[in-house]
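According to the UniProt record's numbering, the sequence shown is numbered sequentially starting from 1.
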Amino acid sequence: MTIQCSSVIFCFSIIVLIIVFFFLTSLEAYFIPLNPEHIDSENQDNSFSICHNATSSTTKHYNEFINIQYSCIRSLWNKLERNPNQFLLLYPLIISVSEKENGVKNIQVDQYPGNEKFYWGVSPKCEEQRVLVTLGIGKDSKAIRLMNKKFKQLNSYGTSAYGFKHEDYDHFYNYAIGINDTGLQTVYDNNGEIMELKDVSVSSFFKNIIKQNIIDMLWINIDGGEFEYWSYFSKKGQFERLGIIVCQFNLEVERNDGNTFSKLISNLLESETYIFLRSEIKENPKQLYAYFLNIRHPYCIRKYLR
Numbered sequence: 001m002t003i004q005c006s007s008v009i010f011c012f013s014i015i016v017l018i019i020v021f022f023f024l025t026s027l028e029a030y031f032i033p034l035n036p037e038h039i040d041s042e043n044q045d046n047s048f049s050i051c052h053n054a055t056s057s058t059t060k061h062y063n064e065f066i067n068i069q070y071s072c073i074r075s076l077w078n079k080l081e082r083n084p085n086q087f088l089l090l091y092p093l094i095i096s097v098s099e100k101e102n103g104v105k106n107i108q109v110d111q112y113p114g115n116e117k118f119y120w121g122v123s124p125k126c127e128e129q130r131v132l133v134t135l136g137i138g139k140d141s142k143a144i145r146l147m148n149k150k151f152k153q154l155n156s157y158g159t160s161a162y163g164f165k166h167e168d169y170d171h172f173y174n175y176a177i178g179i180n181d182t183g184l185q186t187v188y189d190n191n192g193e194i195m196e197l198k199d200v201s202v203s204s205f206f207k208n209i210i211k212q213n214i215i216d217m218l219w220i221n222i223d224g225g226e227f228e229y230w231s232y233f234s235k236k237g238q239f240e241r242l243g244i245i246v247c248q249f250n251l252e253v254e255r256n257d258g259n260t261f262s263k264l265i266s267n268l269l270e271s272e273t274y275i276f277l278r279s280e281i282k283e284n285p286k287q288l289y290a291y292f293l294n295i296r297h298p299y300c301i302r303k304y305l306r
């Protein structure tokens, strides 16, 4: 391991005044962009092998990295505990440094760009069905079309509170995802017509509608909703109580919502289940994008890290 936590924080404290204007514009994380025009849908899964059981050595391989990365993030949080929005703004710096560490730099992280949003993901190492869930599709479905072209065995679920129908998802629901099942609300559909939209809690959506215990990829787009996403990833949190395993997830959060983002990071640090692989701030609109990968569950290890 070439970068120690103390040196990362020390260097960070020296150069922060130099880079702050750069961060206010954007922070471009390292990624491998995918272009839909360059994907041959006939040859996507041919090189995948059969999934085998994972060994404990795979998890141990990341222990040193996770100790260093978590220590760095905790140090940053301790310095900015009273200013969570500043923590959110500077969080991508730690990620951009740590993603080049020996423990994880060989993990290939692809980017799936949309017209309005983008997502990161690690492709499976073996051939099995993948389950993708999007909470809050919005008006942009370019990324899911790219996923559909790349992966034959993709089973996708999506929700949208805007009244737009998305035929690119295998299962689409015009639901407003929130804390409670509160009934109906009125929205406008694609043609400007009034329609009634069902309010559904996240727990009910996963338990009663999706009915999948393992989610390969979760895309969370809050868009001002009342979804307490941070509580689902805590120790003994909602997902654990529901018996749901999430292998990878992407999060989009407003740049002025550092308080809730800090709650998520705190829960993830406590559970020690995910490594923080990518993060970027987008200036227009002003949002933070972050990506996390599960390195603890045997299913996720054998499928994405073997």
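Don't be surprised by glycine CBs; every beta carbon is placed ideally from N, CA and C. Fair warning: this is a prediction, and the values are worked out from it, not measured in the lab.
Which value, in whole angstroms, describes the spacing of the CA atoms of residue i and residue j?
i: R296; j: K303; result: 12 Å
i: I199; j: G158; result: Residue identity check: residue 199 is Asp in the sequence provided, not Ile. C-alpha separation (whole angstroms): 14 Å.
i: Y229; j: E254; result: 13 Å
i: I66; j: A143; result: 29 Å
i: K165; j: Y112; result: 21 Å
i: M147; j: S279; result: 20 Å
i: I179; j: N63; result: 34 Å
i: Y169; j: E270; result: 34 Å
i: G258; j: G243; result: 28 Å
i: W120; j: N78; result: 28 Å
i: G138; j: N115; result: 11 Å
i: N250; j: F118; result: 9 Å
i: Y91; j: E283; result: 15 Å
i: L24; j: E81; result: With a pLDDT of only 40 at L24, under the threshold of 50, the placement of this residue in the model should not be trusted; the figure read from the coordinates follows. For L24 and E81, the distance between alpha carbons rounds to 20 Å.
i: K105; j: L268; result: 21 Å
i: L288; j: I95; result: 13 Å
Checking 8 Å against the spacing of the C-beta atoms, do residue i and residue j come in under that value?
i: S98; j: C126; result: no
i: I209; j: Q69; result: no
i: D216; j: Q248; result: yes
i: I281; j: L135; result: no
i: F151; j: I177; result: no
i: V109; j: V122; result: yes
i: Y291; j: I245; result: no
Need the endpoints of the alpha helix (DSSP H) that residue i sits in, please.
i: Q86; result: 84-98
i: C126; result: Element bounds for C126: n/a, residue is neither H nor E.
i: Y299; result: 298-304
i: L268; result: 258-271
Could you tell me the boundaries of the beta strand (DSSP E) in which residue i lies?
i: S234; result: Here S234 belongs to no beta strand (DSSP E), and DSSP marks it neither H nor E.
i: R278; result: 274-282
Residue i by DSSP, collapsed to three states: which one?
i: Q287; result: strand
i: Q69; result: helix
i: Y30; result: Unreliable placement is indicated for Y30, whose pLDDT of 39 sits below 50; the coordinate value is still reported in the next sentence. In this structure, Y30 counts as coil in the three-state DSSP scheme.
i: E252; result: strand
i: L218; result: strand
i: Y112; result: strand
Unbroken stretches of the alpha helix (DSSP H), 4 residues or longer, contained in the segment 115-178: List check, alpha helix (DSSP H) in window: 142-150.
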